[in-house]
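Comments concern the structure below.
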Amino acid sequence: MGSSNRPLSPHLQIYKPQLTAVLSIAHRASGIFLVIGTLLLVYWLTALAQGPDSYAQAQAFLGSTLGRVILFPWVLALFYHLCNGIRHLFWDMGAGFEISTVYASGKIVVVTSIALTLIAFGMAYAMRGGAL
Amino acid sequence: MSMRTPLAQVRGHGSAKSGAHHWWAQRLSAIALIPLVLWLVASLAAVATGDYATAVDWLRSPWNSALLILLIGAMFYHAQLGMQVVFEDYISAYWLQVASIILVRFLAMLLSVVSIIAVLRVSWGS
């Protein structure tokens, strides 16, 4: 039998997006984004190692509008991947597989990662003496 | 061509013993990264908002440089393991899949060594 005219199972576009599926692919997407984001840390560290001038340059870039536009989603992705990773570790131990628990833990992950991101930036602004 | 089924061909060879290695390595690096990432973000929120001397002082503490080196190692190891799974899942051309995995491993090694040298250069002074 040819494989070209076989019936296909409903594909991604057919399904209504559900929290579970969205968070699942978001874990992978945030992971890939964070891999690219490691360059930020490398950039900051090498700038620091090269002396005050290059460090000032890096600080100016990271503090610029473009820098902040990159930093904010980076920290959000970091906290999301961290929180959802902990959720995965519970699954690895065989806990939290009931549908209601999966949804509850998913919501906790979303709220916690947003809260941690806001706390981190709040701390940073407080350290700068409240200056934006 | 063998008349044996694919299942019969692999039966009786025993466990490869390393089948769960990737899984374990990913979890172990993930567990290590939980405290390390929280420490890094909290530290950077305080340090990266200050001037050059603040950052250098922070990095010169043996505890901070040690934790940062551990974080760099765990982070790039975890990143490389994760990207490997992504490539295995989405790249169907086998040569390209293997080439991508090798490239990411080399890049992870390069970036981690560069970062660690940067940390040591600051913490030992130059």
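Residue numbers (this note's numbering), protein chains in the order written: chain A, 14 to 145; chain B, 5 to 130. Backbone N, C-alpha and C fix where the C-beta goes; we use that ideal spot for every residue, glycine too. This structure is a prediction, so every number in the text was calculated from the model and none was measured.
Reference residue i; option with closest CA among the options
| i | options | result |
| --- | --- | --- |
| B/Val126 | B/Thr58, B/Leu37, B/Gly16 and B/Val41 | B/Thr58 |
| A/Ala128 | A/Ile112, A/Phe85, A/Met106 and A/Ala108 | A/Phe85 |
| B/Gly77 | B/Tyr98, B/Pro10, B/Asn68 and B/Ser119 | B/Ser119 |
| A/Leu102 | B/Met7, B/Arg8, B/Ala36 and B/Ala12 | B/Ala36 |
| B/Ala52 | A/Ile112, A/Thr33 and A/Arg81 | A/Arg81 |
| B/Leu111 | B/Tyr98, B/Ala83, B/Ser47 and B/Asp61 | B/Ala83 |
| A/Gly109 | A/Gln70, A/Leu61, A/His24 and A/Thr33 | A/Thr33 |
| B/Leu71 | B/Ser47, B/Ser22 and B/Trp99 | B/Ser47 |
| A/Val88 | A/Ser118, A/Ile49 and A/Ile112 | A/Ile49 |
| A/Gln31 | A/Leu79, A/Ala137, A/Ala62 and A/Gly119 | A/Gly119 |
| A/Tyr116 | A/Leu25, A/Gln26 and A/Val35 | A/Val35 |
Burial state of residue i, where buried means 16 or more other Cβ atoms lie within 10 Å
| i | result |
| --- | --- |
| B/Trp28 | exposed |
| A/Arg100 | buried |
| A/Tyr68 | buried |
| A/Thr130 | buried |
| A/Gln72 | buried |
| A/Ser126 | buried |
| B/Tyr94 | exposed |
| A/Ala90 | buried |
| B/Leu107 | exposed |
| B/Ala49 | buried |
Backbone CA spacing between residue i and residue j [nearest angstrom]
| i | j | result |
| --- | --- | --- |
| B/Val41 | B/Gly18 | 39 Å |
| B/Arg15 | B/Leu85 | 29 Å |
| B/Pro39 | B/Gln30 | 16 Å |
| A/Phe134 | B/Thr9 | 59 Å |
| A/Gly64 | B/Trp128 | 13 Å |
| A/Ile45 | B/Met7 | 43 Å |
| B/Tyr56 | B/Met79 | 25 Å |
| B/Tyr81 | A/Leu47 | 13 Å |
| A/Ser43 | A/Gly98 | 11 Å |
| A/Thr59 | B/Leu63 | 12 Å |
| B/Glu92 | A/Ser77 | 37 Å |
| A/Pro20 | A/Tyr28 | 17 Å |
| B/Leu124 | B/Asn68 | 11 Å |
| B/Pro66 | A/Met106 | 35 Å |
| A/Arg141 | B/Gly54 | 7 Å |
| B/Leu74 | B/Ala34 | 12 Å |
| B/Met113 | B/Ile105 | 12 Å |
| A/Leu61 | B/Trp43 | 19 Å |
| B/Ala24 | A/Asn18 | 38 Å |
| B/Met87 | A/Leu79 | 26 Å |
| A/His24 | A/Ser113 | 25 Å |
Proximity test, residue i beta-carbon vs the ligand GDP heavy atom, cut-off 6 Å
| i | result |
| --- | --- |
| A/Leu36 | The ligand GDP is not among the ligands present in this structure, which contains no ligands whatsoever. |
The stretch 82 to 96 of chain A in contact with the stretch 24 to 44 of chain A per 3-pair CB rule at 8 Å: Three or more beta-carbon pairs drawn from the stretch 82 to 96 of chain A and the stretch 24 to 44 of chain A are found closer than 8 Å, and the two stretches are therefore classed as touching.
The stretch 107 to 121 of chain B / the stretch 46 to 64 of chain A touching (three or more Cβ pairs under 8 Å): Touching, yes.
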